[in-house]
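Visitor: Start counting the sequence shown at 1; every next residue gets the next number (the UniProt record's numbering). Ideal Cβ placement from N, Cα and C applies to all residues, glycine included. Below: one structure in C-alpha cells.
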Amino acid sequence: MTTPSSTPGPSADPGTTGTGPLAQLSAEGVSVWLDDLSRELLESGELQRLVDRSSVVGVTSNPTIFASALSKGDAYAEQSTALARRGAGVDDAVFELTTEDVRRACDLFAPVYERTGHLDGRVSLEVEPGLAHDTEGSIAAARKIWSAVDRPNLMVKIPATVEGLPAITTALSEGISVNVTLIFSLDRYRAVMNAFLTGLEQAREAGRDLSSIASVASFFVSRVDTEIDGRLEKIGTEEALALRGQAGLANARLAWAAYEEVLATPRWQVLADAGARPQRPLWASTGVKNPDYPDTLYVTELVAPGTVNTMPGATLDKTADHGQVHGDTMTGTADASTAVMDHLERLEISYTDVVDQLEREGVKKFADSWTELQQTVSDELARLSAADDDAEAQR
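Below is the structure:
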C-alpha cells in the first residue's frame with residue numbers, strides 16, 4: 001500500500017451513524033451505497049432517511065432499476081405529461097426522466113459529498129447499454145450525461161468491455177468521474193485499472209485537477225457463484241459440491257489483492273503525489289441468490305478499508321438487522337482464494353469461459369432492461385397524448 005492519504009482508512013467516512021452493523025462497516029472504511037434509485041425513493045423521503053439513519057453515502061442505478069421504477073406508481077406522471085405535451089421522442093424522454101432522478105439524488109447527497117471531502121455522496125448513471133461495444137458512442141454518451149446532470153458528485157457508468165476500456169480512459173482524461181461496471185474477470189479488472197491510470201495521466205498532462213476526478217471499479221460477486229455453483233452441481237461429486245459458494249468471494253478477494261498491487265507501484269505513486277484519488281473497488285451484485293447461504297455473505301465477507309459495497313434495499317435491510325461485522329476480511333486472503341480458483345480449474349471449470357459468459361449475459365440483461373424501459377416510456381407517452389387528445393375533443 002502507499003501513503004495513508006492514498007487509501008481511505010477506517011476513519012475516512014464521517015457519515016457513520018449509530019452503532020449497528022452498517023455503522024460498523026463505515027467504521028471499517030467501507031462506504032455503504034444503495035443499489036436503487038427511483039422518484040418514489042426521492043419524494044417519499046426514504047432515501048434521505050437512509051442517509052440520516054443507515055450510513056448510506058451513495059447510490060448506484062442501472063437500466064433494470066429504472067425500468068422497474070418507471071413501471072410502478074405515478075411518481076413520474078407530472079414529468080411524463082409535460083414530455084408528452086411537448087411531443088418528446090422516446091429516447092429524449094428516457095434521458096430526461098433518468099437524468100432528473102440522478103440530478104435530484106446528486107443534490108440530496110451533496111452534503112455527504114462535502115462532508116466526506118468529495119470521497120462519497122456519489123450517484124451513478126449508466127450510458128445506454130446498447131453502446132457497450134461502441135467506444136466512440138460511449139464517449140459521446142458519457143459527455144452528454146455529464147453535461148446534462150451537471151453535478152460534481154455524478155459518476156457515469158461505463159461497462160468494462162474491451163471496447164469500453166478506451167472510453168473509460170477518455171472520459172477520465174476529460175475530468176468525467178467514472179463508475180466502471182460489469183467487471184467479472186481479474187484480467188479485465190487489471191485492464192480497467194490500467195485504463196484508469198492512463199486516463200489520469202492524460203488528465204495530468206492536460207493540466208486538470210486530479211483530486212476532482214473520481215472512479216470506482218464495480219466488481220460483480222454473486223453472479224459468479226450462481227454460474228459456477230450450477231457447474232459444480234452438474235459435476236455432482238462430494239468434492240465439487242463442497243466448493244459451492246466460494247468462487248464469488250475468492251474472485252473478489254483476488255481483485256482486492258490486485259488493487260493493492262497497483263497502489264504499491266511507482267506509476268500510481270506519481271499520480272497520488274499529484275493529488276489523484278484511488279479507483280476504489282466496489283462490490284456489486286451483493287444480493288445473495290442462494291437461500292442456503294448467509295444473506296449478508298457478500299457484505300460481511302468483503303470488508304476492507306477504502307472499498308465500496310453497493311447493496312439492494314433488501315440486502316441493506318438484512319445487514320442492518322443481523323449482519324456480523326468482524327473487521328477486515330480481505331487482507332491476507334490471496335493464497336486461500338487462489339487455491340479455490342485452482343481447485344475449480346482442476347475440476348475442469350474454465351474461469352475464462354465463466355467470466356466471458358457472465359459479461360455477455362450482463363450486457364444483454366441491461367440491454368433488455370433498456371428496451372423494456374423504452375417500451376414503458378413509449379406506452380406512457382402514447383397514453384398521455386391520447387388522453388390529451390380526448391380532453392381537447394371534449395372542450
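Give every residue of the same chain whose Cβ lies closer than 7 Å to the Cβ of Gln48, excluding the five residues on either side of it in the sequence, and list them in chain order.
Guide: Excluding sequence neighbours, Gln48 sits near Leu108.
Visitor: Where do the ends of the alpha helix (DSSP H) carrying Ile168 lie?
Guide: From DSSP, the alpha helix (DSSP H) with Ile168 extends over Gly164 to Ser173.
Visitor: For the alpha helix (DSSP H) containing Thr81, list its first residue and its last residue.
Guide: Thr81 -> alpha helix (DSSP H) spans Ala77 to Arg86.
Visitor: For the candidate residues Val123, Arg267, Thr310 and Gly248, whose alpha-carbon lies nearest to that of Leu42?
Guide: The option with the nearest alpha carbon to Leu42 is Val123.
Visitor: Note the first and the last residue of the continuous alpha helix (DSSP H) segment covering Asp107.
Guide: Asp107 -> alpha helix (DSSP H) spans Val90 to Arg115.
Visitor: If we count the other Cβ atoms within 10 Å of its Cβ and call it buried at 16 or more, is Arg86 buried or exposed?
Guide: That one is exposed.
Visitor: At which residue ranges does the region 226-260 contain complete alpha helix (DSSP H) runs of 4 or more residues, listed in the order of the chain?
Guide: For the region 226-260, whole alpha helix (DSSP H) runs of length 4 or above, ordered along the chain, are 238-241.
Visitor: What are the start and end residues of the alpha helix (DSSP H) that includes Phe196?
Guide: Counting along the chain, the alpha helix (DSSP H) containing Phe196 begins and ends at Leu186 to Glu205.
Visitor: If you draw a straight line from the alpha carbon of Tyr113 to that of Asn309, how long is it in whole angstroms?
Guide: Computed Cα separation, rounded: 17 Å.
Visitor: Can you tell me whether Glu380 is buried or exposed? The criterion is at least 16 other CB atoms within 10 Å of its CB, across all chains shown.
Guide: Buried, because 16 or more other Cβ atoms sit within 10 Å of the Cβ of Glu380.
Visitor: Within its chain, find whatever has a CB closer than 6 Å to the CB of Arg188; leave out the 5 residues flanking it on each side and keep chain order.
Guide: Hits under 6 Å: Ala160.
Visitor: Within 8 Å, do at least three Cβ pairs link the region 194-214 to the region 265-274?
Guide: Counting Cβ pairs under 8 Å, three or more are found: they touch.
Visitor: Tell me whether Pro305 is buried or exposed, calling it buried when 16 or more other Cβ atoms sit within 10 Å of its Cβ.
Guide: By the neighbour-count rule (16 or more Cβ atoms within 10 Å), Pro305 is buried.
Visitor: Indicate whether Asn180 and Ser147 have their beta-carbon atoms separated by less than 8 Å.
Guide: As written in the sequence, residue 180 is Val, which differs from the Asn given in the question. No, the pair does not count as a contact, with Cβ atoms beyond the cut-off.
Visitor: For the beta strand (DSSP E) holding Ser211, just list the boundary residues, first then last.
Guide: It is not in any beta strand (DSSP E) - Ser211 carries neither H nor E in the DSSP assignment.
Visitor: Whether or not the region 239-252 and the region 56-66 are in contact is what I'm after, with contact meaning three or more pairs of Cβ atoms, one per stretch, closer than 8 Å; do they touch?
Guide: Segments in contact, no.
Visitor: Can you tell me whether Arg277 is buried or exposed? The criterion is at least 16 other CB atoms within 10 Å of its CB, across all chains shown.
Guide: The residue in question, Arg277, is buried, as its Cβ has 16 or more Cβ neighbours within 10 Å.
Visitor: Distance, Cα to Cα, Trp268 vs Gln202?
Guide: Each residue's Cα considered, the two are about 13 Å apart.
Visitor: Cutting at 6 Å between CB atoms, please list the residues of its own chain near Gly313, excluding the five before and the five after it.
Guide: The residues are Asp36.
Visitor: Once the 5 residues before and after Pro4 are set aside, which same chain residues still bring their CB inside 6 Å of it?
Guide: A caution first: Pro4 carries a pLDDT of 29, below 50, which makes its placement in the model unreliable, though a value can still be read off. The answer is none, since no qualifying residue turns up.
Visitor: Rounded to the nearest angstrom, how far is the Cβ of Lys318 from that of Thr296, given a contact under 8 Å?
Guide: Going by Cβ atoms, the distance from Lys318 to Thr296 rounds to 6 Å, so yes, they are a contact pair.
Visitor: Alpha carbon to alpha carbon, how far is Thr226 from Asn290?
Guide: Near 8 Å, if we compare the C-alpha coordinates of Asn290 and Thr226.
Visitor: Go ahead and pull the three-state DSSP assignment for Val303.
Guide: The answer is coil: DSSP assigns Val303 none of H, G, I, E or B.
Visitor: Taking Cβ to Cβ, would you say Glu361 is nearer than 8 Å to Ala67?
Guide: Their beta carbons are not under 8 Å apart, which means Glu361 does not touch Ala67 by this criterion.
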